[in-house]
Amino acid sequence: VWGAIFLYGKVFLDNVDGNLARVRGTTSRFGRFLDSLADFLVTVLVYIAVTNYLVRSTGTQDYWILGLLGLLVCFLQSTFFVFYLVNYTSRVGSYEKNRVDESVTEEDKRKVEEGQSDPWDLRLQTLFLWVYGWQDKAVEQLDAMSRKLAQVPDTEDALRTWYSDKKFLSWISPLCLCTNNVMLVFFSLIDQLELFMILLVSFMNLYGWGLLVWKVFKMRTAKTF
C-alpha cells in the first residue's frame, strides 16, 4: 500500500512540475533531460521492487524474466507514445524543448563553447542518448516501415498529415509512462501485480500494434497524399 501511495505521489509531482515550469516559462533542455533520466531510474527501481516482491512471495525465480520483459515493454510503449507526440508538437510549435532526434549536433557543441548553453545540458543529453537512444531508433524504424506500408511519401505535407492524426494520438495516450504507473498503483492496491505484468506484455502490446495497423490501413485507403 505504501509503495502504491509513493508511486502515485511520483506521478502527481511529475505532472505538476512540468505544468508549473510551462506556466512560469522556466522550461529548459536541462530540466527536460533531468526529468527523463529521473523517470528512467525510478521506473527501473520500481520494476525491480515489484519483481522482487513476486519472487519472494511465490518462491518462483521465473518472475525475473517476466519483470525484465515488463520493464522493456514499459519503456518501448512510452517511447512509442513520446515519439508521435513530439513529432506532432514539433510541427505545430506547441512545445520546443523536445526534439524528435536528440542526437548531439555540432550546434549543440557550439552553443556550449560560446557560452549560450550550460555544459550540463550537453552532459545530460549524452547520458540521455545512452539510456533512451536505442528505444528512439527502434520506434523510428517501426514508424518508417509503417509509413512505407501506408504509402506515405517523404514530403513535408504528407508527414504533417501522418503525424497530426489527433485521434491516433488520443488512442495511444494510455501507453505513456504516467498511465503505466497509475495502473501499477491500482493493481498493487488489489494485490494483482502478476496480472499487471501479464496484461502489460500481452494486451497492451496488442493494443499498441492494433492502433498502428489501424493507422496504416486508414492512411493507405484515404489516399490524401
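Oh and the sequence shown: position 173 is 1332 in my numbering, straight run, nothing missing.
Here a beta-carbon is modelled for each residue, glycine too, at the ideal position from N, C-alpha and C.
Query	Result
Continuous alpha helix (DSSP H) stretch holding L1230: start and end	1222-1251
Boundaries (first-last residue) of the alpha helix (DSSP H) holding P1278	1278-1308
Where I1349 sits in the DSSP three-state scheme	coil
Span of the alpha helix (DSSP H) around L1334	From DSSP, L1334 is part of no alpha helix (DSSP H); its letter is neither H nor E.
Proximity of K1374 and D1324 at Cβ, strictly below 8 Å	yes
C-alpha gap between Y1366 and A1381, whole angstroms	22 Å
Same chain only: Cβ atoms within 6 Å of Y1222, ignoring 5 sequence neighbours per side	T1210, L1213, V1214
Cα-Cα separation between W1368 and E1353, rounded to whole angstroms	22 Å
Nearest candidate by alpha-carbon position, reference L1228, set G1218, M1342, V1203, S1249	V1203
Stretch-stretch touch, CB-based, cutoff 8 Å, three pairs: the region 1278-1297 with the region 1186-1195	yes
Close beta carbons around Q1310, own chain, < 6 Å, minus the five adjacent residues each side	R1379
Neighbourhood of Y1167 by C-beta, 8 Å cutoff - its chain only, sequence neighbours within 5 removed	Annotation note: pLDDT 49 at Y1167 (below 50); position unreliable, coordinate value reported separately. Contacts found: N1340, V1341, V1344.
C-beta contact flag for L1230 and Y1206 at 8 Å	yes
Cβ separation of Q1236 and M1356, assumed to be a contact under 8 Å, to the nearest whole Å	Actually they do not touch by this definition, with Cβ atoms about 13 Å apart.
Straight-line gap, T1185 to V1241 (C-alpha atoms, nearest Å)	Unreliable positioning characterises T1185 in this predicted model, as indicated by a pLDDT of 49, which lies under 50. The coordinate reading is nonetheless provided below. If I take the Cα positions, the gap works out to 21 Å.
Burial state of T1264, where buried means 16 or more other Cβ atoms lie within 10 Å	exposed
Under the three-state DSSP convention, the category V1263 falls into	coil
Pairwise C-alpha distance: E1315 and R1258	17 Å
Inter-residue Cα distance where the pair is F1239 and W1321	15 Å
Buried or exposed by the 16-neighbour rule on C-beta atoms within 10 Å, applied to V1372	exposed
DSSP state of T1338 mapped onto helix, strand, coil	helix
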